[in-house]
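Taking numbering that gives the first Met the number 0, I'd label the letters of the sequence shown as residues 0 to 69. For each residue, glycine too, the CB sits at the ideal point set by N, CA and C. Report on one structure; see the data block that follows.
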Amino acid sequence: MKKIFTKEWLKAALVRAIKTVCQTAIASIGTAALMENVNWIAVASASILAGILSLLTSLAGIPEVKRDEV
């Protein structure tokens, strides 16, 4: 069985999730700013959802983290 949930994996997954949250927030704010009305609740909601999805996607594996055989 391969180890997935290591400190290295958690660090890489959290870094990816934070980057995804920031990118989603920037895109949402930019899109809303063009319409001259930023809905901060929608920005926060979309950003948090993107972060959760990023963490779930990381369960499939993160290329930066090598999986060691147990």
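- Between the alpha carbons of G60 and T30 lies a distance of about 31 Å.
- Between V20 and S53, the gap from beta carbon to beta carbon is short of 9 Å.
- For I47 and I40, the gap between their C-alpha atoms comes out near 11 Å.
- The Cβ atoms of L58 and I17 do not sit closer than 9 Å to each other.
- For E35, there is no enclosing alpha helix (DSSP H), as DSSP marks it with neither H nor E.
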